[in-house]
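A.B. asks:
Protein chains in written order, with our numbering: chain A, 4 to 268; chain B, 5 to 249.
The structure is reproduced here in structure tokens:
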């Protein structure tokens, strides 16, 4: 399958996943957004060298992967490029910080190695937490939560429109690429000399489609702010979910579970 | 009072352009009428519909919907009464699910959740797609998308329905289904199409546009039987009449 088609399909699959009839999908988006934000704050608050404490925060992700019935394999496959980028970013630390902190069976562990690992874990946990949020919440749901949190309507509308237009643009690009390749047998992709007109055409066509979508919205009373449909969320479960995760994450932050477990052993 | 009234309507896309797309159009549409707008490509069928919706406002002459002049200050009132079904349904549908998309209009007009639910269910029932309520938009077929587009308009409570090439890209069974649904709908229906058989099946009155002017305005059967008039305007007899003759 074409990469563009595959990207569109991935977006649709994520939407499907967020609409499924799973426990995680029935929790109010506000509860999920708040818990995710709380988790991110706590993960980022760890000291650079506190790797064991930081590793304890993985419990949240493990539990959500299990309870949310989200495939770990698929998540890592979809996010592999991002993880690779994070790894490259962290790798620079090894070069710049060469101070030996301790030796492990004769192997010199430098500050750069630990900070690289710490950066990798923090960024990886943040990306996975965001992925888990998206896997159980629609974009509309998340934007609804942002509005409840009094994020300005114009910003939320912007997020929604960007999301909608991104899909339109991908679809236009896929259509144009297909039309190009059908008339260019033997070519692996769009040739360099065609890129100028290809990009220009794509922009114009996407703008035209976007204008039509906007016309359709204004004809149905759109005044600049997206309306949100209230669903039958499980409110009590949502409150319990937010409060219990709020406490549990705080406890994980305060008392590094792996230290304690190691001490017991 | 006429639901739609056009008096000496003229339109050109840029003020600097000498050529008018629509020239001195005069017509009125009464309540309950189904009007077909036919004519060759580029004659201004879609332009006329866009003027009525207020998407194109720089026209000359007079265009009124339910007594409201089609002008910026009246667009809120006009758009509650009048809905536009785009030729390309993909450009019209943008929410995740059918229910959310049909509910988009009523929610924008500040209706309560219960009212929205009632309207969405009624619109889905009118278009016979109750079973699709929870379906993702991207999973729909072309015919289903067209029906969802119409449901989205009906849910607002619009009783003036403007449709641009509604039968385009529909297979025979979806086309038949759409014809039946359009026939059952109450209110004013204005359908711009090249599909003359579709116009024959859905409209009792037809307006033939030629060179931006009205070349014929009257009974659908009369114009669709007139081979000379149709051929002079780049159209052909619909299949239903070809076999009759």
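Ideal placement from N, C-alpha and C gives every residue a C-beta, glycine not left out. The model shown is predicted, which means the values in this text are computed figures rather than measured ones.
(1) Using Cβ-Cβ distances below 8 angstroms, what residues of the segment 224-246 of chain A are close to chain B?
(2) State the start and end residues of the unbroken beta strand (DSSP E) segment that holds residue 165/B.
(3) Under 8 angstroms: do the segment 188-202 of chain B and the segment 110-124 of chain B share three or more Cβ pairs, one atom per stretch?
(4) What does residue 109/B touch in chain A if you count any residue whose Cβ is under 8 angstroms from its own?
(5) For the alpha helix (DSSP H) holding residue 229/B, just list the boundary residues, first then last.
(6) Can you pull out the residues from the segment 138-172 of chain A whose beta carbon lies closer than 9 angstroms to at least one beta carbon of chain E?
(7) Sort out for me which residues DSSP pairs residue 40/B with in a bridge.
(8) Report the neighbours of residue 245/B on chain A: residues whose CB is nearer than 8 angstroms to its CB, in chain order.
(9) Tell me the DSSP bridge mates of residue 66/B?
(10) Where does residue 48/B land, buried or exposed, given buried means 16+ other C-beta within 10 angstroms?
(11) Starting from the C-beta of residue 193/A, find all residues in its chain whose C-beta is less than 7 angstroms away, skip the five residues before and the five after it, and write them out in chain order.
(12) In the DSSP assignment, the beta strand (DSSP E) including residue 118/B goes from what residue to what residue?
(13) Taking 9 angstroms as the CB-CB cut-off, is residue 215/A touching chain B?
(14) Determine the contact status of residue 56/B and residue 75/B, defining contact as a CB-CB distance below 9 angstroms.
(15) Can residue 65/B and residue 211/B be called in contact, C-beta distance under 9 angstroms?
(16) Given 8 angstroms as the limit, is there contact between the segment 17-37 of chain B and the segment 249-261 of chain A, that is, 3 or more CB pairs closer than that?
(17) For the segment 133-152 of chain B against the segment 101-109 of chain B, are there 3 or more C-beta pairs whose distance is under 8 angstroms?
(18) Determine the chain A residues that contact residue 90/B at a beta-carbon separation under 7 angstroms, and present them in chain order.
(19) DSSP three-state label for residue 218/B, please.
(20) Nearest-angstrom Cα distance between residue 178/A and residue 203/A?
(21) Output the distance between the C-alpha atoms of residue 72/B and residue 162/B, rounded to the nearest integer angstrom.
(22) Do residue 95/B and residue 284/B have their beta-carbon atoms positioned less than 9 angstroms apart in this structure?
(23) Taking Cβ positions, are residue 57/A and residue 93/A nearer each other than 9 angstroms?
(24) Quick one: list the residues of chain A neighbouring residue 95/B, beta-carbon separation under 7 angstroms, in chain order.
(25) For a contact meaning CB atoms closer than 9 angstroms, what does residue 17/B contact in chain A?
(26) On the CB-based measure, 16 or more other CB atoms within 10 Å of its CB, does residue 171/B come out buried or exposed?
(27) In chain order, what residues of the same chain lie with their CB nearer than 7 angstroms to the CB of residue 50/B, ignoring the 5 residues before and after it?
(28) When the Cβ atoms of the segment 131-139 of chain A are set against those of the segment 57-72 of chain A, are three or more pairs found closer than 8 angstroms?
(29) In the DSSP output, what is residue 110/A paired with across the bridge?
(30) Bridge partners of residue 86/B, per DSSP?
(31) Would residue 120/B count as contacting chain A if we go by Cβ distances under 9 angstroms?
(32) Give the single residue among 141/A, 30/A, 242/A, 74/A whose Cα lies nearest to the Cα of residue 99/B.
(33) Leaving aside the five residues before and after residue 1/B along the sequence, list all residues of the same chain whose C-beta is less than 7 angstroms from its C-beta, in chain order.
(34) Give me, in chain order, the residues of the same chain whose beta-carbon lies closer than 6 angstroms to that of residue 127/B; leave out the 5 immediate sequence neighbours on both sides.
(35) Leaving aside the five residues before and after residue 18/A along the sequence, list all residues of the same chain whose C-beta is less than 7 angstroms from its C-beta, in chain order.
(36) Hey, residue 188/A and residue 53/A: beta-carbon distance below 9 angstroms or not?
C.D. replies: With the structure as the only source:
(1) 224, 225, 226, 230, 231, 232, 233
(2) Here residue 165/B refers to the residue found at position 161 when the second chain is read from its first residue. 164-168 is the extent of the beta strand (DSSP E) around residue 165/B.
(3) no
(4) One-based indexing of the second chain puts residue 109/B at position 105. Near residue 109/B (Cβ distances below 8 angstroms), the residues of chain A are 223, 224.
(5) The residue you call residue 229/B lines up with position 225 of the second chain. Unbroken alpha helix (DSSP H) run through residue 229/B: 224-229.
(6) No chain E appears in this structure, whose protein chains are A and B.
(7) On the second chain, residue 40/B is found 36 positions in, with the first residue counted as 1. DSSP, once it has assigned bridges, lists 195/B, 210/B as partnering residue 40/B.
(8) Here residue 245/B refers to the residue found at position 241 when the second chain is read from its first residue. Those within 8 angstroms of residue 245/B in chain A number zero; the least Cβ separation is about 34 angstroms.
(9) For the purposes of this step, residue 66/B is identified with residue 62 of the second chain, where counting begins at 1. Per DSSP, 11/B.
(10) Within the second chain, the letter at position 44 stands for residue 48/B. Under this definition residue 48/B is a buried residue.
(11) Residue mapping note: residue 193/A aligns to position 190 of the first chain, counting from 1. Only 180, 183, 201 meet the Cβ criterion.
(12) In the second chain, counting from the first residue as 1, residue 118/B sits at position 114. Note, residue 118/B: premise wrong, no beta strand (DSSP E); alpha helix (DSSP H) at 117-130.
(13) As a working note, residue 215/A is residue 212 in the first chain. Chain B, which has a Cβ nearer than 9 angstroms to the Cβ of residue 215/A, makes this yes.
(14) In the second chain, the residue the question calls residue 56/B occupies position 52. In the second chain, the residue the question calls residue 75/B occupies position 71. No, the Cβ-Cβ distance between residue 56/B and residue 75/B is not below 9 angstroms.
(15) Indexing the second chain from 1 puts residue 65/B at position 61. Indexing the second chain from 1 puts residue 211/B at position 207. No, Cβ-Cβ distance for residue 65/B and residue 211/B is not below 9 angstroms.
(16) no
(17) yes
(18) The residue you call residue 90/B lines up with position 86 of the second chain. Under the 7 angstroms cutoff, chain A gives 215, 219.
(19) Within the second chain, the letter at position 214 stands for residue 218/B. Looking at residue 218/B - three-state DSSP - the assignment turns out to be strand.
(20) If you number the first chain from 1, residue 178/A lands on position 175. If you number the first chain from 1, residue 203/A lands on position 200. Rounded to the nearest angstrom, the two C-alpha atoms are 14 angstroms apart.
(21) Locating residue 72/B in the second chain gives position 68, where the first residue counts as 1. Locating residue 162/B in the second chain gives position 158, where the first residue counts as 1. Those two C-alpha atoms are separated by around 15 angstroms.
(22) Lying outside 5 to 249, the shown extent of chain B, residue 284/B is not represented and no answer is given.
(23) One-based indexing of the first chain puts residue 57/A at position 54. One-based indexing of the first chain puts residue 93/A at position 90. In this structure, residue 93/A does not lie closer than 9 angstroms to residue 57/A by Cβ.
(24) On the second chain, residue 95/B is found 91 positions in, with the first residue counted as 1. In chain order: 212, 215, 216, 219.
(25) In the second chain, counting from the first residue as 1, residue 17/B sits at position 13. Chain A residues near residue 17/B: none, gap ~15 angstroms exceeds 9 angstroms.
(26) Start at 1 with the first residue of the second chain, and residue 171/B comes out as number 167. Buried, since its Cβ has 16 or more Cβ neighbours within 10 Å.
(27) Position 46 of the second chain holds residue 50/B. So the qualifying residues of the chain are 168, 196.
(28) yes
(29) Against the first chain, residue 110/A aligns to sequence position 107. DSSP, once it has assigned bridges, lists 107/A as partnering residue 110/A.
(30) If you number the second chain from 1, residue 86/B lands on position 82. Its beta-bridge partners are 164/B.
(31) Numbered from its first residue, the second chain carries residue 120/B at position 116. Yes - at least one Cβ of chain A is within 9 angstroms of the one on residue 120/B.
(32) Numbered from 1 along the second chain, position 95 holds the residue referred to as residue 99/B. Comparing Cα positions, the closest option is 141/A.
(33) Given that chain B is displayed from residue 5 to residue 249, the structure contains no residue 1/B and the question cannot be resolved.
(34) Taking the first residue of the second chain as position 1, residue 127/B is located at position 123. Around residue 127/B: 106, 155, 158, 159.
(35) Start at 1 with the first residue of the first chain, and residue 18/A comes out as number 15. Only 141 meet the Cβ criterion.
(36) Counting from 1 along the first chain, the entry for residue 188/A is found at position 185. Counting from 1 along the first chain, the entry for residue 53/A is found at position 50. Not closer than 9 angstroms, so no.
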